[in-house]
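First up is the structure itself, then whatever we jot down about it.
Numbering (the numbering used here), first residue to last: 2 to 709.
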């Protein structure tokens, strides 16, 4: 990876230890708009405030740790020293929303020591950017103590008002809840804990998952999350609705008897606060990746950003099954599948998808259900060793499919469903990854459906955080990229491990096919763009053209228009984008659907990205410039409300003409009553052009801008 250092200025300010526990120090963002004040309370407890342009954003908030068999790390601190520094650098993403990333921030490093016999030390580090801040703790070495068991980290975020919040309930196993929109005082995560289609963990507190985004009465946008989650438990945020406060609540471990066991000295993940005067600034921020370490694995050219098709959606809508016998109990997902013998991953079916991909410039193919074990895994409490990742079902000739794909120039993506048994998977990885490389496979979709084995561990606890990272490291050693489903949340570690190409971690497209609550509402993706997507790339699997799929499931549908589905290829970022629908829905009567041309044309790897307009949960429009070609693509979506949008093309380079193809909702389109109505319009545009577009309820639009 290339790093160009524009400026590296370091200034040191040392403060001598004193007995006045009200000693304080401060740091501002490079543009001076954001200021952090660090202080000690009268009892010597560390605290901080955050202001934006002189207005308090986070009021006095305090920090402490609780341990097993040790006193809390909370009071009686003195400031030993503090120092500040400035970094201004630019680094290059190997793939991403943009090629070059500016990392410009000011750092405050505060060294604390307890005024006790043990004299424990604690460092607090703030990095303040123009678009927010991150802070972390360094627990110092202790004489005679090599490790500690953290039972609670108590990091407070005390807000200044009853902000509007977009939140989902805190959960130690999934991020697949719907987002809720309410005032902060109305957050009630406990009422959202039950869902018939979710394998969720009991929510121990009135807590929310992160990222959680907010809008103040003054129109300031905030989002709270974490960065560089390493060897630690994932963080939810407990809410105090009466006092507008939040405090960290780490995912636990019943086996561990606490939240995180760490060797000393130890640095926690960064606690992050994004701050923006407009909603689009949250999306354009690079704060999370900048708080992670640089690329640790070297060249990742073995991974090529691509679009792919797959034997996947047909299982969700009920056309076929994952297992060969049709004996799996997947009634939550498929109506009447038992004993149906409708196996999807057959040699013949895989070749059909390969032919479709090759004919339409789609580079990848994902095949789920190709390997033995699918007839067992959902029905057994002991899911250890259910799958291997080299033995195909008898009706799937692995070698024949691979040879055919190679002949047609299509790359096959491996699928590893671990059945949430990570100990088994870790034993299998060496052989499974060697098998992949022996067959020229460079990427794998991993899955962790179900409660984690062993009992007492959770998807988002420290034990699984370490497992997910081990998978990335071991895969990187084999030059394999990972697309993780049922994952730990993204925290910017794709900078350090750029073979972490995408992950699920949200209510994906499949909920539209089988959820009993009506699927994802029309405003779902307009919320996701400003919440979940802030943390990193999403494998959402867009591109459904047969919106109602009544021939398979009359009670389910996708709750958007077709044009909205096209727009998602730009709005929802991922370096891998699935065209998830069945080939026959993209080519009815053997003729390619005219709107499919946008999926053929749209890029997946970007030179730069710009948010043109947006409000959380209502609408968003994003423009992205494709690497190398200079072509631009625009996607816009709305919620259940119709909307008029005026697109200003001033983001285009001056003096250059583009052929614009606009894919938009038809005049009478509607997400429910007429979702597949669309129009295509071609025009010439340049940087002075504008175009007015009507978006239907639940609708959207997509524009390809091909440079002349």
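Here a beta-carbon is modelled for each residue, glycine too, at the ideal position from N, C-alpha and C.
Computed from a predicted structure; not experimentally measured.
The shortest C-alpha to C-alpha distance from residue 124 to any of 75, 215, 58 is the one to 75. Between residue 610 and residue 623 the beta-carbon gap is near 6 Å, inside 8 Å, which marks them as a contact. Pairwise C-beta distances place the region 58-69 in contact with the region 156-174, as three or more of them are shorter than 8 Å. Taking residue 694 as the centre and dropping the five residues before and after it, the same chain places the C-beta of 637, 645, 646, 647, 648, 663, 665, 702 closer than 8 Å to its C-beta, in chain order. Excluding the 5 residues flanking it on each side, residue 658 has same chain C-beta neighbours closer than 7 Å at 685, 687, 709, in chain order.
For the pair residue 282 and residue 32, the Cα-to-Cα distance works out to about 15 Å. The C-beta of residue 485 has 16 or more other C-beta atoms within 10 Å across all chains shown, which makes the residue buried. With the rule of 3 Cβ pairs closer than 8 Å, the region 397-417 counts as touching the region 351-360. Classified as exposed, residue 435 has fewer than 16 neighbouring CB atoms from the shown chains inside 10 Å of its CB. If one requires a minimum length of 3 residues, the beta strand (DSSP E) runs lying completely within the region 67-102 are 71-74, 78-93, in chain order.
Around the CB of residue 169, 16 or more other CB atoms lie within 10 Å, so the residue is classed as buried. Residue 375 holds the alpha-carbon nearest to the alpha-carbon of residue 419 among 375, 400, 255. CA-to-CA, the gap between residue 207 and residue 540 works out to about 29 Å. Residues 232 of the same chain have their beta carbon placed closer than 7 Å to that of residue 467, with the five preceding and five following residues left out of the count. The three-state reading of DSSP puts residue 179 in coil, since its state is none of H, G, I, E or B. Counting along the chain, the unbroken beta strand (DSSP E) around residue 366 starts and ends at 365-368. Under the DSSP definition of a beta bridge, residue 228 partners with 271. For residue 571, the secondary structure class from DSSP, reduced to helix, strand or coil, is helix. In this chain, the beta strand (DSSP E) harbouring residue 133 covers 133-140. Residue 110 is bridged by DSSP to 84, 126. With 16 or more other Cβ atoms inside 10 Å of its own Cβ, residue 516 counts as buried. Annotated as distal: residue 366 and residue 298, with beta-carbon spacing of 8 Å or more.
Non-local C-beta neighbours of residue 473 in its own chain, meaning closer than 7 Å and more than five positions away in sequence, comprise 483, 498, 500, 501, ordered along the chain. By the beta-carbon neighbour count (other beta carbons within 10 angstroms, threshold 16), residue 256 is exposed.
Here residue 200 carries a coil assignment [DSSP, helix/strand/coil]. Shortest Cα-Cα distance from residue 165 to any of 324, 660, 399, 618 involves 618. Look at the region 492-540 and you find these whole runs of alpha helix (DSSP H), each 4 residues long or longer: 512-515, 525-529. Our two residues, residue 64 and residue 117, have alpha carbons roughly 18 Å apart in a direct line. Sixteen is the threshold: since fewer than 16 other Cβ atoms of the shown chains lie within 10 Å of the Cβ of residue 456, the residue is exposed.
Scanning the region 411-484 from its first residue to its last, the whole alpha helix (DSSP H) runs of 4-plus residues come out as 423-439, 463-478. Taking 8 Å as the cut-off, the beta carbon of residue 45 is found closer than this to the beta carbon of residue 78. Per DSSP, residue 578 lies in no alpha helix (DSSP H) segment; the continuous beta strand (DSSP E) that holds it begins and ends at 577-579.
Residue 224 and residue 53 have their alpha carbons spaced roughly 14 Å apart. Within a 10 Å sphere around the beta-carbon of residue 556 sit fewer than 16 other beta-carbons, which makes this residue exposed. If only complete runs of 3 or more residues are kept, the region 560-641 shows the beta strand (DSSP E) at 577-579, 607-616, 620-627, 633-639, in order along the chain. At a cut-off of 3 residues, the continuous stretches assigned as beta strand (DSSP E) that sit fully inside the region 641-699 are 644-649, 659-666, 679-686, 691-696.
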